[in-house]
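Novice: In this note's numbering, the protein residues as written are -16 to 280.
Beta carbons: idealized from backbone N, C-alpha and C, even for Gly.
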Ligand code: OGA
Ligand code: MN
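(1) Check for me: the beta strand (DSSP E) holding residue 34 runs from which residue to which?
(2) Would the C-beta of residue 253 count as close to the ligand OGA, meaning under 7 Å from any of its heavy atoms?
(3) At a cut-off of 7 Å, would you count residue 103 as near the ligand MN, judging by its Cβ distance to the nearest heavy atom?
(4) Between residue 99 and the ligand MN, is the CB less than 7 Å from at least one heavy atom?
(5) Grab the span of the alpha helix (DSSP H) containing residue 92 for me, first residue to last.
(6) Sorted by chain position, which residues of the same chain lie with C-beta nearer than 6 Å to residue 233's C-beta, five sequence neighbours on each side aside?
(7) With a threshold of 6 Å on Cβ separation, who are the neighbours of residue -3 within its own chain once the five nearest residues in sequence on each side are excluded?
(8) So, are the CB atoms of residue 115 and residue 248 less than 8 Å apart?
(9) Should the stretch 269 to 279 be called in touch with the stretch 101 to 121, which here means at least 3 C-beta pairs below 8 Å?
(10) Under 7 Å from any heavy atom of the ligand OGA, does the C-beta of residue 48 make it?
(11) Rounded to whole angstroms, what is the Cα-Cα separation between residue 167 and residue 231?
(12) What's the gap between the Cα of residue 172 and the Cα of residue 238?
(13) Which of helix, strand or coil does DSSP assign to residue 226?
(14) Which stretch, first to last residue, makes up the beta strand (DSSP E) that contains residue 183?
(15) Here's the rule: buried if 16 or more other CB atoms are within 10 angstroms of the residue's CB, otherwise exposed. What is residue 59?
(16) I'd like to confirm the pairing. Which residues does DSSP put opposite residue 247 in its beta bridges?
(17) Spatial neighbours of residue 112 within its chain, please: CB distance less than 6 Å, with the 5 preceding and 5 following residues excluded, ordered by chain position.
(18) Is the separation between the beta-carbon of residue 136 and that of residue 250 shorter than 8 Å?
(19) I'd like the list of long-range same chain contacts for residue 287, defined as Cβ closer than 8 Å, with 5 residues on each side in sequence excluded.
(20) Give every residue of the same chain whose Cβ lies closer than 8 Å to the Cβ of residue 11, excluding the five residues on either side of it in the sequence, and list them in chain order.
(21) Does the ligand OGA have even one heavy atom less than 7 Å from the beta-carbon of residue 76?
(22) Buried or exposed, going by whether 16 or more other CB atoms sit within 10 Å of the CB of residue 261?
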């Protein structure tokens, strides 16, 4: 199907990928410095489409980090595992070690990464959660491993009235350690735990740029909701995630080598579909540190 393509003043070609979320952006090269006009047009498209796909970006990790800096400060992951030993801002979403050797699903790091098969938004356990993430496909999957993104503004707008009433004015807990409980992955060390204590955030948030309200959950970290038993809370978050995952809200991305995806963690969730674990899959992520606390909607 031919996609309508719009050209921005700086020359970017932007094509929508799904009615609810996602656009492909061409005519930009992340291996070179970006002009302020291009950065402004990317930012505007990002706010409009929530997820941008930049094909054919054969970049180094250093160029990936430099590109991230146009949009904020790159986060350095608080755990020693998963982040690159070479470029400290890179979070390795990979089933190989850094020497390129395949590691089995039973490996502790792989167990922790298996949480990406559940809907979530990155770094929501931080007191000031991440603004966005940029993910670079280095070795991509052919047996699955599609990354799917949902528009949480539209999800909020479409919530049944009784659920809307239930989330309005309510907070839920985001706890990094919850990951180890649901995946059987490594427990954070005492130092890592102290760096990321559980925090409570509004379940409805207002976006600082667009002003729109969205449902704010991150099911891999949510273990409690104000005024509910833990079982009730986990079940409600699961129901909300299932609602959020309906096709009408979701774009599914089939990766090509050197795609770079950039999403807004303040109004989306994402998930990866299963793939054959004996097939190598290597993606490198940077995460943009948040620039202000979550504002209740
Ligand atoms: C991530 C993530 C999903 C994937 O990088 O934050 O959740 O496609 N990745 O592996
Ligand atoms: Mn993620």
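Specialist: Quick answer:
(1) Taking the first residue of the chain shown as 1, we reach residue 34 at position 51. Its beta strand (DSSP E) spans residues 34 to 37.
(2) Numbered from its first residue, the chain shown carries residue 253 at position 270. Yes, the beta carbon of residue 253 sits closer than 7 Å to at least one heavy atom of the ligand OGA.
(3) Walking along the chain shown from the start, residue 103 turns up at place 120. Yes, the beta carbon of residue 103 sits closer than 7 Å to at least one heavy atom of the ligand MN.
(4) The residue you call residue 99 lines up with position 116 of the chain shown. Within the cutoff, so yes.
(5) The residue you call residue 92 lines up with position 109 of the chain shown. From DSSP, the alpha helix (DSSP H) with residue 92 extends over 91 to 96.
(6) For the purposes of this step, residue 233 is taken as residue 250 along the chain shown, with counting starting at 1. Residues of the same chain with a CB within less than 6 Å of the CB of residue 233, apart from the 5 flanking positions on each side, are 131, 133 in chain order.
(7) Taking the chain shown and counting its residues from 1, the one referred to as residue -3 is at position 14. -11, 6, 8, 28, listed in sequence order.
(8) Within the chain shown, the letter at position 132 stands for residue 115. Within the chain shown, the letter at position 265 stands for residue 248. Yes, these two residues count as a Cβ contact at 8 Å.
(9) Because the criterion of three Cβ pairs below 8 Å is met, the stretch 269 to 279 and the stretch 101 to 121 touch.
(10) Along the chain shown, read from residue 1 onward, the residue named residue 48 stands at position 65. With a cut-off of 7 Å, the C-beta of residue 48 is classified as distant from the ligand OGA, since no heavy atom of the ligand falls inside that distance.
(11) Here the question's residue 167 lines up with position 184 in the chain shown. Here the question's residue 231 lines up with position 248 in the chain shown. Distance between the alpha carbons of residue 167 and residue 231 is about 33 Å.
(12) In the chain shown, counting from the first residue as 1, residue 172 sits at position 189. In the chain shown, counting from the first residue as 1, residue 238 sits at position 255. About 34 Å.
(13) Here residue 226 refers to the residue found at position 243 of the chain shown. The answer is helix: DSSP assigns residue 226 an H, G or I state.
(14) Within the chain shown, the letter at position 200 stands for residue 183. For residue 183, the enclosing beta strand (DSSP E) starts and ends at 182 to 185.
(15) Within the chain shown, the letter at position 76 stands for residue 59. With fewer than 16 other Cβ atoms within 10 Å, it is exposed.
(16) Here residue 247 corresponds to residue number 264 of the chain shown, with the count starting at 1. DSSP lists 115 as partners of residue 247.
(17) Position 129 of the chain shown, counting from 1, holds the residue named residue 112. Excluding sequence neighbours, residue 112 sits near 106, 273.
(18) Here the question's residue 136 lines up with position 153 in the chain shown. Here the question's residue 250 lines up with position 267 in the chain shown. Yes; because the gap between Cβ atoms is below 8 Å, this pair is in contact.
(19) Since the first residue of the chain shown is -16 and the last is 280, residue 287 is not available in this structure.
(20) Indexing the chain shown from 1 puts residue 11 at position 28. Scanning its chain for C-beta atoms nearer than 8 Å, with the 5 sequence neighbours on each side dropped, one finds around residue 11 the residues -5, 17, 21, 25, 37, in chain order.
(21) In the chain shown, the residue the question calls residue 76 occupies position 93. Answer for residue 76: yes, Cβ within range of the ligand OGA.
(22) Locating residue 261 in the chain shown gives position 278, counting from the first residue. The residue is exposed, with fewer than 16 neighbouring Cβ atoms inside 10 Å.
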